[in-house]
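All remarks here apply to the structure that follows.
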Amino acid sequence: MTLPNMTPFWRWEEALTRHYLRSDGGFGSAPLSFLDVSGVELARAVGKGPSEAAEALEGFLKIFERKALIDALTHGQSLPPPIGLRVPGFFSYLVLSCHVASVAPEVASSGDYRDRLQDILKMGQGIRSLTGLRLLWEKLPRWIESKRSTGQGYRNVVLPDYGTMKQIGYSIRIAFPSRHDLGKMNRLFGHFGDLPSPSASELISIVVPELGLNWSAGFLHAFNDFHARRQLGERLLADHPFWVGVLGLRQAAPGPGVDATFEIDLTTDSDGQHAYSVRTDIGRVIQRLTGQVQLSSDQDVVSIAAARDEILDLLASPPPSVPPSLARSFADGVLPFSEIEWGLWRAERVPTGANVRLLVRDDHLRKHDLPRAGKDGWCLLDGVTHAQALGVIHRLTGRRPDPAPELARVRVAGGIRMDKAYLGRPGFLPVIEAAEGCAATPTAFDGSHGSVTASIDGRLVRLAADGPIEGVWRIAVAEGGVVQAEPNLVFEPHAREFPFIEPDELADGWRPDEPSLTACTPSAVDLVDPHWAGGVTDAAFMDLLEAVFAKGRRGWSEQDIVGLIAPRLPTPYAVWDVLQLLADSGWMEPRVSRHWRARRWFLRPPRLLAYPKGDALLLDGAVPELTRRRFERTAKEMGGTVEWRRSAAGWAIPSGNVKGTQPEAFAAAMQMDLRRAQVEVPLQGSAIQFRPTLYSENHRIVASSWNWSSGRFAKGDRADAGAVRLERLTTLKPNAADVYRVTTGNDVKHLLDGRSAAILMAHRLAGKPAFRFIGDQGLVERLSLAGALPVQITRYLMLRNGCGPALDFANLGARRYVTGCRPEDATILSGWLGATFEMPKWTSDNRQDILRSLVLGRARGTARSRNMAIQRDEVERC
Numbered sequence: 002m003t004l005p006n007m008t009p010f011w012r013w014e015e016a017l018t019r020h021y022l023r024s025d026g027g028f029g030s031a032p033l034s035f036l037d038v039s040g041v042e043l044a045r046a047v048g049k050g051p052s053e054a055a056e057a058l059e060g061f062l063k064i065f066e067r068k069a070l071i072d073a074l075t076h077g078q079s080l081p082p083p084i085g086l087r088v089p090g091f092f093s094y095l096v097l098s099c100h101v102a103s104v105a106p107e108v109a110s111s112g113d114y115r116d117r118l119q120d121i122l123k124m125g126q127g128i129r130s131l132t133g134l135r136l137l138w139e140k141l142p143r144w145i146e147s148k149r150s151t152g153q154g155y156r157n158v159v160l161p162d163y164g165t166m167k168q169i170g171y172s173i174r175i176a177f178p179s180r181h182d183l184g185k186m187n188r189l190f191g192h193f194g195d196l197p198s199p200s201a202s203e204l205i206s207i208v209v210p211e212l213g214l215n216w217s218a219g220f221l222h223a224f225n226d227f228h229a230r231r232q233l234g235e236r237l238l239a240d241h242p243f244w245v246g247v248l249g250l251r252q253a254a255p256g257p258g259v260d261a262t263f264e265i266d267l268t269t270d271s272d273g274q275h276a277y278s279v280r281t282d283i284g285r286v287i288q289r290l291t292g293q294v295q296l297s298s299d300q301d302v303v304s305i306a307a308a309r310d311e312i313l314d315l316l317a318s319p320p321p322s323v324p325p326s327l328a329r330s331f332a333d334g335v336l337p338f339s340e341i342e343w344g345l346w347r348a349e350r351v352p353t354g355a356n357v358r359l360l361v362r363d364d365h366l367r368k369h370d371l372p373r374a375g376k377d378g379w380c381l382l383d384g385v386t387h388a389q390a391l392g393v394i395h396r397l398t399g400r401r402p403d404p405a406p407e408l409a410r411v412r413v414a415g416g417i418r419m420d421k422a423y424l425g426r427p428g429f430l431p432v433i434e435a436a437e438g439c440a441a442t443p444t445a446f447d448g449s450h451g452s453v454t455a456s457i458d459g460r461l462v463r464l465a466a467d468g469p470i471e472g473v474w475r476i477a478v479a480e481g482g483v484v485q486a487e488p489n490l491v492f493e494p495h496a497r498e499f500p501f502i503e504p505d506e507l508a509d510g511w512r513p514d515e516p517s518l519t520a521c522t523p524s525a526v527d528l529v530d531p532h533w534a535g536g537v538t539d540a541a542f543m544d545l546l547e548a549v550f551a552k553g554r555r556g557w558s559e560q561d562i563v564g565l566i567a568p569r570l571p572t573p574y575a576v577w578d579v580l581q582l583l584a585d586s587g588w589m590e591p592r593v594s595r596h597w598r599a600r601r602w603f604l605r606p607p608r609l610l611a612y613p614k615g616d617a618l619l620l621d622g623a624v625p626e627l628t629r630r631r632f633e634r635t636a637k638e639m640g641g642t643v644e645w646r647r648s649a650a651g652w653a654i655p656s657g658n659v660k661g662t663q664p665e666a667f668a669a670a671m672q673m674d675l676r677r678a679q680v681e682v683p684l685q686g687s688a689i690q691f692r693p694t695l696y697s698e699n700h701r702i703v704a705s706s707w708n709w710s711s712g713r714f715a716k717g718d719r720a721d722a723g724a725v726r727l728e729r730l731t732t733l734k735p736n737a738a739d740v741y742r743v744t745t746g747n748d749v750k751h752l753l754d755g756r757s758a759a760i761l762m763a764h765r766l767a768g769k770p771a772f773r774f775i776g777d778q779g780l781v782e783r784l785s786l787a788g789a790l791p792v793q794i795t796r797y798l799m800l801r802n803g804c805g806p807a808l809d810f811a812n813l814g815a816r817r818y819v820t821g822c823r824p825e826d827a828t829i830l831s832g833w834l835g836a837t838f839e840m841p842k843w844t845s846d847n848r849q850d851i852l853r854s855l856v857l858g859r860a861r862g863t864a865r866s867r868n869m870a871i872q873r874d875e876v877e878r879c
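Numbering (this note's numbering), first residue to last: 2 to 879.
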């Protein structure tokens, strides 16, 4: 924490402590056994780039005053830090001592350490006694341990043997690499980092013959430590200073984006079809895939849907910063995709997943008994195990895949980050990447709530909890019985509230993914009392909602949110229904890009909706647990009563309403907008119509067609001649969203932007119901595997019921998508939807049951007399 009005010394002390000593700093959570105090590393510590290394070093050397320097280096004393600044108060002196030890002879004319110190600081008179330096070094581990014992994230400090140099031995041996060593290292080992697959054994074989040269004590100490640990079979050495130092000698590759993101993903879309996408922040890749001309120099990572032939063209002539390993796999004719999680496969030169799919070129297919290639000359094979995939690659290409990296590092991956903390919900905890054969032990600190267990899954450490957790856990990762890293993880049990940005502002240039209804007028909606509400929401679903909210401040790419949801569902293919549930419940709003084929999901800001009758207020929008608690607390303080409504299935979002408060005052206390509960819907009895697309069907191809038997889109399926046909039309390049065409014979009846809208209109033309009203349950059920009610109608039912739809997994793994609906509302929906909405048939046998439901509906809430009269007339006509 940087405090205002700090002197340069304390600013540097804080920066160096954060960079070198913190477990979330520049060197991770491995024990501190070496210090790289080069100008480049000092620049990194204060947030500057390598080009500013000389400036950073000059600024660092100016912070030392002679009196304080003598007190520290001679007597081991230091000034107490300013209140609130968590630093040792003397670490800057230790960094200085390492810099003095590491400078080349040309920097300081003398080989004597004290003379070098005098030359570097340009002091008129030197400091002869350095007895305090050893005291400060030995004081550092004690200061670190005092912080670690309370759960603070600091690296353990391992001091070297100072040998015969009692005053300066620690500084001499812990400093690596020195400027004196770097010249020889570049000359002798500079080529090592350019090897295709550099290995530890190769490095050791290169270094050993050169050990007779005049190396610094820090170099010899670093190499001997690396060599000894590798001989013991340790693999967690990818962050070892010697390995990092030698690899750092390589020249940066030409072109922008040394740390650029480029990933090729294979997923299963909502129709069960294969879908490819590229996740990248490389401007030239984005330009090639989207056709955009102007891009920000600080480009965010975007996910772009792409046709397979586009991805193959990209790998055939890759722009700079695209990983050459993937281009080599393309040239070999076999591109492996490793399973990252359910439904997500990622292209890798060396497959690492337990399951692998191979994209294979036609020339390999023809030589072996394999499926034939598609029009692009490639074929995606079915998934196989990792071992089988390696065997197939060897059989097809005649070469064995590049070996997996010999060394590994400890890294925290995944999880839901909230600043420096993680969301502490089961199923959403981070994993720790390590090495096979390692062990992990979680330790909780005072004030923590809940329990965390660690299990080893190959090279991963998986954390688990049986409920929400809060506090600090340190995960000690050991190899060969020795702790190699100790990442500190801070967990919070709930998603944080944050100031909302409206989707219109976040999604500038994006449109709603479904077209709006035409001929609509604003209609106030009354809150009713549905008999189907109640029950308890599934705990796993509530955890999912917290995760969606916690990471959704600026919206979710569809690829990311699908990857978050799918692995946590009883039926993974239901991910699209869960997304629909989030939209229909008012939590999220999907938008489609106008520039390329992509969809993003945005949280809807929470607001209060006032009903026209009574004083009921509905809490609408994306509402995490902290907001729900604040809602209940505020209502209680103002004398109101809160009711939580949800559909009767396990996967339903609870919605709250409050009664008995003054609406304006309650909204002010909640700091939320207050709006009327109304929605634009068609006139009662008028059939719905959607706004047609602005796009043409020209220059588009049929990507898939609606299969009336399975109730979903599928490739290659066609309706019978003369029947209603529904087709998804796409462009060869993903520079426009899909459009949907509904035809009868050769006549185009509808050309629409929205998938659900097209499904509904196709059903109406075919005279087939897509939804049905179940009167005794008070529910509308979707009959096909895909599709949804129009947004305005879903919104109407949401406001009427005071809660959204539900997803029911109870029936032996099958799922039902249902929405609460009263009989009078079902009649209105029947007028809007026509043949697509199946109403109960009025017969003499069920006449009394229907009348009873109408009476119960009237008794449970205010019904519109016109609606009731319409239904009575229909019953009497039976």
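Cβ atoms here follow ideal geometry from the backbone N, Cα and C, with glycine treated the same way.
Please read these numbers as outputs of a predicted model, since none were measured by experiment.
Check                                                                                                             : Outcome
L80 classed as buried or exposed, judged by whether at least 16 other C-beta atoms fall within 10 angstroms       : exposed
R45 versus L141: straight-line alpha-carbon distance, rounded                                                     : 22 Å
Residues that DSSP places opposite P513 in a beta bridge                                                          : R592
Endpoints, the alpha helix (DSSP H) within which F190 is located                                                  : R180 to F190
Counted within 10 angstroms of its Cβ, other Cβ atoms place R231 as buried (16 or more) or exposed                : buried
Exposure label - V209; buried when at least 16 CB within 10 Å                                                     : exposed
Exposure of S34, with buried meaning 16 or more beta-carbon neighbours within 10 Å                                : buried
Straight-line Cα distance separating V286 from L116                                                               : Looking at the sequence itself, residue 116 is Asp, so the reference to Leu does not match. Roughly 54 Å between the two C-alpha positions.
Nonlocal neighbours in the same chain, by C-beta distance under 7 Å from R367, ignoring five residues either side : none
Backbone CA spacing between W346 and E340 [nearest angstrom]                                                      : 4 Å
Neighbour-count burial assignment, V104, 16 or more Cβ in a 10 Å radius                                           : buried
Distance between D585 and L528 (C-alpha atoms, nearest Å)                                                         : 17 Å
Rounded Cβ spacing between R569 and G428 (contact assumed at less than 8 Å)                                       : 6 Å
Beta-bridge pairing of D809 - partner residues as DSSP gives them                                                 : R817
Minimum C-alpha distance to C99 - residue among N356, G40 and Q581                                                : G40
Inter-stretch contact at 8 Å, needing at least 3 Cβ pairs: the stretch 473 to 492 / the stretch 750 to 765        : no
Under the three-state DSSP convention, the category W833 falls into                                               : helix
Assigned exposure category for N6 - 16 Cβ within 10 Å defines buried                                              : exposed
Among R463, R713 and F220, nearest to S705 - alpha-carbon criterion                                               : R713
Cβ contact (3+ pairs, closer than 8 Å) linking the stretch 829 to 844 and the stretch 770 to 781                  : yes
N157 (DSSP reduced to helix, strand or coil)                                                                      : coil
Per-residue DSSP class, three states only, for G451                                                               : coil
Beta-carbon gap between R174 and G219 smaller than 7 Å                                                            : yes
Top-ranked residue by Cα proximity to H387, from C380, L397 and R358                                              : R358
Beta-carbon separation (whole angstroms), L610 vs L618, contact threshold 8 Å                                     : 7 Å
Complete alpha helix (DSSP H) runs within the stretch 341 to 429 (minimum length 4 residues, chain order)         : 363 to 368 and 387 to 398
Reference R816; option with closest CA among L583, Y574, E203 and V659                                            : Y574
CA-to-CA distance, R135 to K167, given in whole angstroms                                                         : 7 Å
Nearest candidate by alpha-carbon position, reference L786, set H450, V462, M543 and S710                         : S710
As assigned by DSSP and simplified to three states, the class of G1                                               : Outside the displayed span of the chain (2 to 879) sits residue 1, for which this structure offers no information.
Secondary structure of A223, DSSP reduced to three states                                                         : helix
For L761 and G788, believed in contact at Cβ under 8 Å, the rounded distance                                      : 6 Å
Residue range of the beta strand (DSSP E) that includes V104                                                      : Run containing V104: none; DSSP gives neither H nor E here.
Beta-carbon proximity list for M124, same chain, < 7 Å, skipping 5 on both sides                                  : R67
Coarse secondary structure for D467, derived from DSSP in three states                                            : coil
Where L122 falls: helix, strand or coil (DSSP)                                                                    : helix
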